[in-house]
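Since the structure comes first, as structure tokens, the remarks are kept for the end.
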Amino acid sequence: MKLLRHGPKGQEKPGMLDTQGQVRDLSALIPDITAATLSPAGLAALRAVDINALPVVAQGRLAVPWSGLGKFVAIGLNFADHAAESNLPIPKEPIVFMKTPDSAVGCNDPVVLPQGSVKTDWEVELGVVIGTQARYVSEADALKHVAGYCVINDVSEREYQIERGGQWDKGKGCDTFGPIGPWLVTADEVGDPQDLGMWLEVNGHRYQNGSTKTMIFGVATIVSYLSRFMTLKPGDVITTGTPPGVGMGVKPSPVYLKAGDVIRLGIDKLGEQRQTVHAWDPALIDG
């Protein structure tokens, strides 16, 4: 299934994408797509629905595909070739940082540059959405706790992240720095999460072209590893690292985002995103 939420901010409605690419409204069945919806029982109930009997609605704005997003956990330097372009060693264990819930926005919502930003960058990443609680789970059982997958753009301000001391979080958690969607694709429909092509373009130029095959730590390893340090709960999302081709790594001179740039990105089976970059404007964040 491809689950989604559509509509203006604060007025989102639950939906599901049918096989013809039409949005079917779920409002008569559930008030919203929540963490509870992502449980095995919740997903089983939706699978039993005759999708063709549901009303077709205009797509409109697409929001984060589920409400009540909990932890937004991120893994850094999880592709060996990306670590190389960043001039950093391959990590021996997953590098873990957090993105703020306020960074999460819809897949096509504006990306707003923070005040004073000079090095805002892009990163296409596979998102892993938790459906059942995971605490000290084995790698063999880890994928049983995954409800589904989604596309994430881990937007990053490199000066904030690298040059200003402290943790990475302040370069990763700015408002609008985590577009998610267009939909959450359930795990059964995705199959092997380590066999998905991924790409990203800025202004029509292809910068990233990779595959989840080349992750250093796969999804099962990441879920198991994180569950040793925090309880993963339904509605939590993990963004799992990016392949090479980020702006920071462009030779001979890095390329960073500026107002007016258009970002397009996608992952096999999970859909595409499109964002326009804007100068600082709180109305684009709060409105």
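Numbers given in my numbering equal positions in the sequence shown, counted from 1, plus 1.
Don't be surprised by glycine CBs; every beta carbon is placed ideally from N, CA and C.
For clarity, every value in this text was computed on a predicted model and none was experimentally measured.
Looking at the backbone, the Cα of Gly182 and that of Asp19 are separated by about 16 Å.
In the DSSP assignment, the residues bridged to Val152 are Leu127.
Between Gly22 and the set Ile34, Ser139 and Val58, the nearest pair of CA atoms involves Val58. In the three-state DSSP reduction, Arg229 falls in the coil class, being neither helix nor strand. Residue range Val238 to Thr240 is occupied by the beta strand (DSSP E) that includes Val238. In the DSSP assignment, Pro180 forms a beta bridge with Val106. Restricting attention to Pro9, His206 and Trp67, the CA atom closest to the CA of Gly288 is found in Pro9. The Cβ atoms of Ile223 and Thr243 do not sit closer than 8 Å to each other.
Secondary structure note for His7: its beta strand (DSSP E) is the uninterrupted segment Lys3 to His7. Residue pairing by DSSP leaves Gln12 without any beta bridge partner. Remark: C-beta atoms of Gln209 and Leu201 approach each other more closely than 8 Å. By the Cβ rule, the segment 109-119 counts as touching the segment 270-283, because three or more pairs are nearer than 8 Å.
Boundaries for Ala59: no alpha helix (DSSP H) harbours it, and the DSSP string shows neither H nor E there. Under the three-state reduction of DSSP, Asp26 is assigned to strand.
Contact between Ser212 and Ala135 fails: their C-beta atoms lie close to 25 Å from each other, not under 8 Å. Within a 10 Å sphere around the beta-carbon of Glu94 sit fewer than 16 other beta-carbons, which makes this residue exposed. Boundaries of the beta strand (DSSP E) around Gly267: Val263 to Ile268.
Assignment of Ala75 by DSSP, reduced to helix, strand and coil, places it in the strand class. Secondary structure at Arg207: strand, using DSSP grouped into helix, strand and coil. For Ile286, the enclosing alpha helix (DSSP H) covers residues Pro283 to Asp287. Here the segment 32-40 makes no contact with the segment 80-92; the two share fewer than three CB pairs at distances below 8 Å. Of Glu190, Pro283, Met99 and Met2, the smallest CA-CA separation from Ala49 is found for Met2. DSSP places Arg48 within a helical segment (H, G or I) once states are collapsed to three. Taking 8 Å as the cut-off, the beta carbon of Asn204 is found no closer than this to the beta carbon of Asp155. Between the alpha carbons of Pro253 and Val247 lies a gap of roughly 13 Å. Take Ser139, set aside five residues on each side of it, and the residues of its chain with a beta-carbon closer than 8 Å to its own are Ser225, in chain order.
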